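Everything on this sheet refers to the single structure shown next.
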Amino acid sequence: MTAARHIMTPDPALLSAEDNLRAAAHRMQELGVDSMPICDSEGSLLAMLSERQIARHVLAGELDAEETNIGELRGGEPISILPDDSAEGLINIMIDNRLRRLPVLDGPRLIGMVSLASAAEAMPEDDIGLVIEALAIP
């Protein structure tokens, strides 16, 4: 089975907890992604931030996009994987948690990101049902 280290995007773009929501939204749009990791100055993963989180809080009038640092939106411990986790295992994590991207950690340090598309491409043809279920994640 293919390991996460072989299908991850190494050294992914990331956000700092000090960035404001508007800058984070622009960066995601620039990169064509719907979520990004938030890391500290050491490269340790603090959280994941999604466009949906930004939209929900800003459009509801709860937060100001210019005045709010993304660190203020941090929730609980982010779901992550290890470099040797299998593609099948991480697709199951994605399905169970309705995620399209997973951070890959070496200790606390972010070393890559695995997308649903990369994981699906690594799956054997016999597991097409699992891939179809994963692709149904909104």
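Going by the numbering used here, 56 is the number at position 66 of the sequence shown; the sequence numbering is gapless. Heads up, the beta-carbon is just placed ideally off N, CA and C, and yes, glycines get one too. Keep in mind that this is a model prediction, so the values were computed, not measured.
Check for me: the beta strand (DSSP E) holding Gly102 runs from which residue to which? Counting from one through the sequence shown, the residue named residue 102 turns up at place 112. Start and end: Arg99 to Ser105.
DSSP has Ala37 in a bridge; who is on the other side? Here residue 37 refers to the residue found at position 47 when the sequence shown is read from its first residue. Partner(s): Ile28.
Could you tell me the distance, in whole angstroms, from the CA atom of Leu39 to the CA atom of Asp74? Against the sequence shown, residue 39 aligns to sequence position 49. Against the sequence shown, residue 74 aligns to sequence position 84. Each residue's alpha carbon lies about 24 Å from the other.
Looking at C-alpha atoms only, which residue of Leu106, Gly33, Pro98 and Val48 is the closest neighbour of Arg88? Sequence index remark: in the sequence shown, residue 88 carries index 98 (1-based). Comparing Cα-Cα distances from Arg88 to each of Leu106, Gly33, Pro98 and Val48, the minimum goes to Leu106.
By Cβ distance below 6 Å, which residues in the same chain neighbour Ala15 in space, the five residues on each side in sequence not counted? Along the sequence shown, read from residue 1 onward, the residue named residue 15 stands at position 25. Taken in chain order, the residues that qualify are Ile44.
Tell me Ser76's beta-bridge partners as DSSP assigns them. Looking up residue 76 in the sequence shown gives position 86. In the DSSP output, where bridge partners are listed per residue, Ser76 has Ala(-7).
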